[in-house]
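K.L.:
Residue numbers (the working numbering): 790 to 1138. We put the CB at the ideal spot given by N, CA and C, even for glycine.
#1: With residue 1124 as the anchor, note down where its beta strand (DSSP E) starts and where it stops.
#2: Report the residue ranges of all beta strand (DSSP E) runs contained in full by the stretch 838-874; include only those spanning at least 3 residues, in chain order.
#3: Across which residues does DSSP place residue 1109 in a beta bridge pair?
#4: Using DSSP's beta-bridge definition, name the partner residues of residue 935.
#5: Does DSSP put residue 887 in a helix, in a strand, or in coil?
#6: Under 8 Å by Cβ, that's how I've got residue 1094 and residue 1136 pegged, so tell me the actual separation to the nearest angstrom.
#7: Just curious, the beta strand (DSSP E) that residue 1032 is in, first and last residue?
#8: Tell me whether residue 1055 sits in a helix, a strand or coil according to DSSP, three-state version.
#9: Determine whether the beta carbon atoms of residue 998 and residue 953 lie at a separation below 8 Å.
#10: Suppose only complete runs of 4+ residues qualify. What are the alpha helix (DSSP H) ranges in the stretch 918-984, listed by chain order?
#11: CA-CA distance, residue 978 and residue 1012?
#12: Could you spell out the range, first to last residue, of the alpha helix (DSSP H) harbouring residue 1019?
#13: Classify residue 1103 as buried or exposed, calling it buried when 16 or more other Cβ atoms lie within 10 Å of its own Cβ.
#14: Could you check the C-alpha separation between residue 1122 and residue 983 for me, to the nearest Å?
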């Protein structure tokens, strides 16, 4: 075939062709690095539990004003919207996904999950709704040898937030994941600021928890086995629960009898209900203790422990982080954690 273009025009055409190829590559690369084509476009982050949602909100600076230190404040990153599937008092082990949850997952740019079967089989359906690259597991920040293995089921304990050390590892990894979603350098600077502040507050919490339980023989008895990481790190004398690491575990009368014997033997002053777990098993335990030794008085604490869920935002009570002038609601991780350790210490020591 004859080429009817003049020589100079052919050179110009070839030049423009290569310019187009290079420009297309640059555009494609930019989109792959920053998935949101419009840098001002809203980023939607959906978390399965309010514990995870609290982590996200601290990283993006969406916190209660009373949490701010006097010298350095949290800085809010705009254009990020958060959504949580499970609200206060919800048991993630037994949660059934709703149609509204499926819509929220489909719309989200990032899905934050705990993993380790905390959400049971619910998250198995996530890859059918959204690309796998949009799903992030908090537990992937934790090494296998840092996890507690349940002796009965041989399953990994998913309640990693009761180890402040492990929760800090999750925070660090989540920060890096969020950073990859932020296209503005200013937003990434704000993210680092918020990360540093929250990490420092978690260090205060860790020190306070250690002091709270130092040289104390704590025997903790709860509805289900959510507190193993707390018990291990703070060297509790014993930890017993009616159900296992999942509230789906069936409890036998013999299990209840064994715990009743322990309560009587060690003269345990109180047992605890949890905000996300039904109370009927504890009633059976009280009955078993009374049948064994009618004169022995055991109480159910009138203060619920927060195990698989945080408190409500409407709760106006605050907890002060010791050695600071910072205050946290029960709807925050630090506030709920302080409530738990204060309640356990007051009831059992």
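P.N.:
On the basis of the data shown:
#1: Taken as a continuous stretch (DSSP letters only), residue 1124 belongs to no beta strand (DSSP E), being part of the alpha helix (DSSP H) at 1122-1137.
#2: 869-873
#3: 1116
#4: For residue 935, which the question treats as bridged, DSSP gives no partner whatsoever.
#5: coil
#6: That pair is no contact at about 10 Å.
#7: 1027-1032
#8: helix
#9: yes
#10: 953-968
#11: 43 Å
#12: 1017-1022
#13: exposed
#14: 15 Å
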